[in-house]
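A short worksheet on the structure shown next.
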Amino acid sequence: MCGIIGIAGTTETSERLIDGLKRLEYRGYDSAGIAVLQEGELQRRRAQGKIRNLESVVRDEPCDGPLGIAHTRWATHGKPSTSNAHPHAFGGVAIVHNGIIENFRELREELAQKGHNFESETDSEVIAHVIAYYLGKGLAMKEAFREAVNRLRGAYAVAAISKDNPDQLYGARRGSPLVIGRTETESFLGSDAIALAEWTRRVIYLEEDDWCMVTPTEVEIYTMDGKRVERPEQVSNATPGFADKGEYRHFMEKEIYEQPDAVGRTLSNYIDPVERRFHSANLDGWKSTSRLLGSACGTAFYAAATSKYWFERYARLPVEVDIASEFRYRSPVLLDSDRAFFVSQSGETADTLAALRYCKASNVPTVAVVNVPESSIDRDADTTLFTYAGTEIGVASTKAFTAQLTALACVAAGAAQARDELSANEIGDLIDGLLEAPRMLNEALEKVSDVEEIARSLSKASDVLYLGRGQFYPLAMEGALKLKEISYIHAEGYAAGELKHGPIALIEEGTPVVVIAPYDELFEKTISNVQEVAARGAEVILITDRKGAKLAVDDASAIIEIPECHPVIQPIVAAVPIQQLAYYTAVLKGTDVDQPRNLAKSVTVE
Ligand code: M6R
Numbered sequence: 021m022c023g024i025i026g027i028a029g030t031t032e033t034s035e036r037l038i039d040g041l042k043r044l045e046y047r048g049y050d051s052a053g054i055a056v057l058q059e060g061e062l063q064r065r066r067a068q069g070k071i072r073n074l075e076s077v078v079r080d081e082p083c084d085g086p087l088g089i090a091h092t093r094w095a096t097h098g099k100p101s102t103s104n105a106h107p108h109a110f111g112g113v114a115i116v117h118n119g120i121i122e123n124f125r126e127l128r129e130e131l132a133q134k135g136h137n138f139e140s141e142t143d144s145e146v147i148a149h150v151i152a153y154y155l156g157k158g159l160a161m162k163e164a165f166r167e168a169v170n171r172l173r174g175a176y177a178v179a180a181i182s183k184d185n186p187d188q189l190y191g192a193r194r195g196s197p198l199v200i201g202r203t204e205t206e207s208f209l210g211s212d213a214i215a216l217a218e219w220t221r222r223v224i225y226l227e228e229d230d231w232c233m234v235t236p237t238e239v240e241i242y243t244m245d246g247k248r249v250e251r252p253e254q255v256s257n258a259t260p261g262f263a264d265k266g267e268y269r270h271f272m273e274k275e276i277y278e279q280p281d282a283v284g285r286t287l288s289n290y291i292d293p294v295e296r297r298f299h300s301a302n303l304d305g306w307k308s309t310s311r312l313l314g315s316a317c318g319t320a321f322y323a324a325a326t327s328k329y330w331f332e333r334y335a336r337l338p339v340e341v342d343i344a345s346e347f348r349y350r351s352p353v354l355l356d357s358d359r360a361f362f363v364s365q366s367g368e369t370a371d372t373l374a375a376l377r378y379c380k381a382s383n384v385p386t387v388a389v390v391n392v393p394e395s396s397i398d399r400d401a402d403t404t405l406f407t408y409a410g411t412e413i414g415v416a417s418t419k420a421f422t423a424q425l426t427a428l429a430c431v432a433a434g435a436a437q438a439r440d441e442l443s444a445n446e447i448g449d450l451i452d453g454l455l456e457a458p459r460m461l462n463e464a465l466e467k468v469s470d471v472e473e474i475a476r477s478l479s480k481a482s483d484v485l486y487l488g489r490g491q492f493y494p495l496a497m498e499g500a501l502k503l504k505e506i507s508y509i510h511a512e513g514y515a516a517g518e519l520k521h522g523p524i525a526l527i528e529e530g531t532p533v534v535v536i537a538p539y540d541e542l543f544e545k546t547i548s549n550v551q552e553v554a555a556r557g558a559e560v561i562l563i564t565d566r567k568g569a570k571l572a573v574d575d576a577s578a579i580i581e582i583p584e585c586h587p588v589i590q591p592i593v594a595a596v597p598i599q600q601l602a603y604y605t606a607v608l609k610g611t612d613v614d615q616p617r618n619l620a621k622s623v624t625v626e
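Numbering-wise (the numbering used here), the sequence shown opens with residue 21 and increments by one.
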């Protein structure tokens, strides 16, 4: 979602602002812009589309100065266009904003009546006007900024500069993250530490409802009621050199191939492979838990939904999983012995964060399963169980998903041990199974040529169904999501047994149906469903293992074989062909694989 950069520097900033935006590109955006203070005047350059368009605007009409702000916009209010791109400016003030200003109409009307002219369709522009309004009333920039942010309702991270304060950069945070970076001679603002990593690792995270004024050498942080506060400076682990596709065509392809490593790293943080036992943190708190509530969005939700099968099967723990945007609005009944978990790659997803805060407010212990350390969800949760996927750039989540599945499988098995639901032998067997995951993923990745071939026929389809039973049902939905988001082909995931209750009406001669069914105790039932769709003309693409392939050889039009492995890692391994099918289909269709249309990597608005 929108990305923010600010520099209060000692040397020119334009090029650095644009470089910073490139490091935020992975979040998804539809336009970009910068504003710098050049010889006492604000200069703005904006462009719709990619950052290279902005670069060419700046090349044609250069601007530079030591104070500047920059933005990648993901449209919420107003279409993607140059005039809606940030920074917005009015009355000698320029701002960039991530989030939604809920009361922007009210503020806009108020200021329009006072003679302000608005030039965009955005909610954000009003912020520049409100600051300028208070400056016009004679307030200094510091007071004007504070008054202005106090007038805003909604979720936001904002950065602002004004032409009369050549060394002051302002920032505020409510609901969306904002990080201050420092060196001896310069200060920065960024949506995340990655954006600043090229310049500094010394970071200060603004807390909810903080605002700040930074100069090249000073940092002042305040609460909304004007109280000066200190926030700790930390050394961030973010690395600047991540944005490298190496030998791969797309980040998504690279990230698919990084899965054995990502899963291996995650496993080693949960399991001691020599002692064949779980690290103790994984075993805490499970005895007193009588119900587990999971919330997440998109792919992270499908990881949470898969873990329901594991927690129930192995730990005999009742689990409810919700899409985070639904959870808190259905007035869930929360019990004293509940424990709630929240799965998120970015750790910044607004709906997931809101669900977490809802549970915290009811004193339900909260556990985050998060990939980005120091993110809002990590910092707000009582406990964080990290995934170790590394930075994921492709908007379509791949290695973060399998790392989430891995962490959750370890946690479910650890819960089973802590609750004495499995014998030592059974736990040992699960651990052995989990530890095989990186090798099995490598083997699954080797089947790429089979997948590429099948993607050729999939790329011609207009509708695709994905079916799975039991622990493969969430993976069927994940497969459909992956295909939709990067190839723009309509796809739906269904529980295989549910098909005959309606969706089977969609099957026509040649409709592709991807069935995920490695051999297990439900295999025969799923194959009955395969026969039902095949009898109606469907082209069945079966993802199964050797045993399943032998049994279903006559039922499917094509088979993608994954290695035979322990049931607990079957969904992790079967995720590979699911991702590859979507990837190669999208490549054939020529879509923007890493930054598909309309999507953002981290969704920081509700
Ligand atoms: O950062 P999060 O894991 O909280 O993000 C959740 C979803 O927005 C995300 O998984 C989304 O569905 C991906 N584009 C899926 O590929």
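Even glycine gets a Cβ: it sits at the ideal position worked out from N, Cα and C.
* Asked: Going by alpha carbons, who is nearest to Gly-522 out of Glu-552, Lys-545 and Leu-503?
  -> Here the question's residue 522 lines up with position 502 in the sequence shown. Looking at the Cα atoms, Glu-552 is the closest of the given residues.
* **First through last residue of the alpha helix (DSSP H) which encompasses Asn-118** => Here residue 118 corresponds to residue number 98 of the sequence shown, with the count starting at 1. Premise fails: Asn-118 lies in the beta strand (DSSP E), 113-121, not in any alpha helix (DSSP H).
* **CA nearest to the CA of Leu-461, picked from Glu-446, Val-199, Leu-425 and Tyr-242** => Residue 461 sits at position 441 when you count from the first residue of the sequence shown. Residue Leu-425 is the option with its Cα nearest to Leu-461.
* To do: Say yes only if the C-beta of Cys-379 is nearer than 7 Å to one or more non-hydrogen atoms of ligand 1, and no if none qualify.
  => If you number the sequence shown from 1, residue 379 lands on position 359. No, since every heavy atom of ligand 1 falls outside the 7 Å radius drawn around the Cβ of Cys-379.
* **Short Cβ contact (8 Å threshold) for Thr-326 with Gln-437** => As a first step, residue 326 must be located in the sequence shown, where it is residue number 306. As a first step, residue 437 must be located in the sequence shown, where it is residue number 417. Taking 8 Å as the Cβ cut-off, Thr-326 and Gln-437 do not qualify as a contacting pair.
* To do: Indicate the three-state DSSP secondary structure (helix, strand or coil) for Trp-231 in the structure shown.
  => The residue labelled residue 231 in the question sits at position 211 within the sequence shown. If DSSP states are grouped into helix, strand and coil, Trp-231 belongs with the strands.
* To do: Less than 8 Å between the CB atoms is what I'm expecting for Leu-313 and Asp-187, so what's the real figure, rounded?
  => Residue 313 sits at position 293 when you count from the first residue of the sequence shown. Residue 187 sits at position 167 when you count from the first residue of the sequence shown. In fact, because the Cβ distance is near 48 Å, the residues do not count as touching under 8 Å.
* Ser-76 burial status per 10 Å Cβ neighbour count (16 or more: buried) -> Position 56 of the sequence shown, counted from the start, is the residue given in the question as residue 76. With fewer than 16 other Cβ atoms within 10 Å, it is exposed.
* Asked: Ser-507: which of Gln-590, Leu-608, Pro-494 and Ala-427 sits nearest, CA to CA?
  -> In the sequence shown, the residue the question calls residue 507 occupies position 487. Of the candidates Gln-590, Leu-608, Pro-494 and Ala-427, the one whose C-alpha sits nearest the C-alpha of Ser-507 is Leu-608.
* To do: Would you check if the distance between the CB atom of Gly-195 and the CB atom of Ala-179 is smaller than 8 Å?
  => As a working mapping, residue 195 is identified with position 175 in the sequence shown. As a working mapping, residue 179 is identified with position 159 in the sequence shown. The answer is no: Cβ separation not under 8 Å.
* CB-CB length for Val-560 against Ser-548, believed under 8 Å -> By 1-based counting over the sequence shown, the position of residue 560 is 540. By 1-based counting over the sequence shown, the position of residue 548 is 528. Actually they are not in contact, since the Cβ atoms of Val-560 and Ser-548 sit about 12 Å apart, beyond 8 Å.
* Asked: According to DSSP, which residues form a beta bridge with His-91?
  -> Along the sequence shown, one-based indexing puts residue 91 at 71. Answer is Ile-24 and Gly-53, bridged to His-91.
* Asked: Below 8 Å between beta carbons: does that hold for Pro-393 and Asn-257?
  -> Residue 393 sits at position 373 when you count from the first residue of the sequence shown. Residue 257 sits at position 237 when you count from the first residue of the sequence shown. Yes.
* Asked: Can Ala-55 and Arg-43 be called in contact, C-beta distance under 8 Å?
  -> Counted from its first residue, the sequence shown places residue 55 at position 35. Counted from its first residue, the sequence shown places residue 43 at position 23. Going by C-beta atoms, Ala-55 is not nearer than 8 Å to Arg-43.
* **Candidates Val-534, Phe-271 and Glu-505, of which the one nearest Thr-319 by Cα** => Position 299 of the sequence shown, counted from the first residue, corresponds to residue 319. Nearest of Val-534, Phe-271 and Glu-505 to Thr-319, Cα basis: Glu-505.
* Any heavy atom of ligand 1 closer than 7 Å to the Cβ of Glu-346? -> On the sequence shown, residue 346 is found 326 positions in, with the first residue counted as 1. Every heavy atom of ligand 1 is 7 Å or more from the Cβ of Glu-346, so no.
* **Beta-carbon proximity list for Asp-614, same chain, < 7 Å, skipping 5 on both sides** => Taking the sequence shown and counting its residues from 1, the one referred to as residue 614 is at position 594. Closer than 7 Å at Cβ, skipping near neighbours: His-270, Phe-271, Met-272, Ile-413, Gly-414 and Val-415.
* Environment of Ala-558 [buried if 16+ CB atoms lie within 10 Å] -> For this step, residue 558 is matched to residue 538 along the sequence shown. When all chains shown are included, Ala-558 counts as buried.
* Would you call Asp-452 buried or exposed, if buried means 16 or more other Cβ atoms sit within 10 Å of its Cβ? -> Here the question's residue 452 lines up with position 432 in the sequence shown. That one is exposed.
* Where does Lys-157 land, buried or exposed, given buried means 16+ other C-beta within 10 angstroms? -> As a working mapping, residue 157 is identified with position 137 in the sequence shown. Exposed, by the Cβ-count rule.
* Going along the chain, which residues of its own chain have a beta-carbon closer than 6 Å to the beta-carbon of Met-497, five neighbours each way excluded? -> Taking the first residue of the sequence shown as 1, we reach residue 497 at position 477. Tyr-322 and Gly-513.
* Asked: In the DSSP assignment, what are the bridge partners of Gln-254?
  -> For the purposes of this step, residue 254 is taken as the residue at position 234 of the sequence shown. DSSP, once it has assigned bridges, lists Val-223 as partnering Gln-254.
* Contacts around Ala-401, its chain only, beta-carbon distance under 7 Å, and the 5 residues preceding and following it disregarded -> In the sequence shown, counting from the first residue as 1, residue 401 sits at position 381. Taken in chain order, the residues that qualify are Phe-362, Leu-376, Thr-386, Val-387 and Ala-388.
* What is the DSSP secondary structure of Gly-530, reduced to helix, strand or coil? -> For the purposes of this step, residue 530 is identified with residue 510 of the sequence shown, where counting begins at 1. Coil, per DSSP.
* Asked: Where Arg-251 and Val-239 are concerned, what is the direct C-alpha to C-alpha distance, given to the nearest angstrom?
  -> Taking the sequence shown and counting its residues from 1, one reaches residue 251 at position 231. Taking the sequence shown and counting its residues from 1, one reaches residue 239 at position 219. Approximately 10 Å, taken between the alpha carbons.
* Buried or exposed: Thr-418, going by 16 or more other Cβ atoms within 10 Å of its Cβ? -> Here residue 418 corresponds to residue number 398 of the sequence shown, with the count starting at 1. Counting Cβ neighbours within 10 Å, Thr-418 comes out buried, since at least 16 surround it.
* Between Tyr-176 and Ser-101, what straight-line distance do the alpha-carbon atoms span, to the nearest angstrom? -> Along the sequence shown, read from residue 1 onward, the residue named residue 176 stands at position 156. Along the sequence shown, read from residue 1 onward, the residue named residue 101 stands at position 81. Roughly 21 Å between the two C-alpha positions.
* To do: Go ahead and label Tyr-349 buried or exposed: buried means 16 or more other beta carbons lie within 10 angstroms of its beta carbon, across all protein chains shown.
  => Here residue 349 refers to the residue found at position 329 of the sequence shown. Exposed: under 16 other Cβ atoms inside 10 Å.
* Asked: What are the start and end residues of the alpha helix (DSSP H) that includes Leu-287?
  -> Sequence index remark: in the sequence shown, residue 287 carries index 267 (1-based). 279-290 is the extent of the alpha helix (DSSP H) around Leu-287.
* Asked: Apart from the five residues just before and just after Glu-278, which ones in its own chain have a Cβ nearer than 8 Å to its Cβ?
  -> Counted from its first residue, the sequence shown places residue 278 at position 258. The answer, listed in chain order, is Ala-409, Gly-410 and Lys-419.
* Asked: Got a sec, what are the start and stop residues for the beta strand (DSSP E) Arg-171 sits in?
  -> Numbered from 1 along the sequence shown, position 151 holds the residue referred to as residue 171. Arg-171 -> not in any beta strand (DSSP E); alpha helix (DSSP H) instead, spanning 161-171.
* Asked: Is DSSP giving Arg-125 helix, strand or coil here?
  -> Counting from 1 along the sequence shown, the entry for residue 125 is found at position 105. Arg-125 falls in the helix class under three-state DSSP.
* To do: Report yes if the C-beta distance between Gly-517 and Lys-545 is below 8 Å; otherwise report no.
  => By one-based count along the sequence shown, residue 517 stands at place 497. By one-based count along the sequence shown, residue 545 stands at place 525. Their beta carbons are under 8 Å apart, which means Gly-517 touches Lys-545 by this criterion.
* 8 Å Cβ cutoff met for Ile-397 and Ser-345 -> Position 377 of the sequence shown, counted from the first residue, corresponds to residue 397. Position 325 of the sequence shown, counted from the first residue, corresponds to residue 345. Their beta carbons are not under 8 Å apart, which means Ile-397 does not touch Ser-345 by this criterion.
* **Cβ-based burial, Val-116 [other Cβ within 10 Å; buried from 16]** => Translated into the one-based positions of the sequence shown, residue 116 becomes position 96. Buried: at least 16 other Cβ atoms inside 10 Å.
* Kindly list the residues whose CB is nearer than 7 Å to the CB of Arg-128, restricted to its own chain and excluding five residues on each side of it in sequence; keep chain order. => Residue numbering aside, residue 128 sits at position 108 when the sequence shown is read from its first letter. These residues qualify, in order along the chain: Phe-138 and Val-146.
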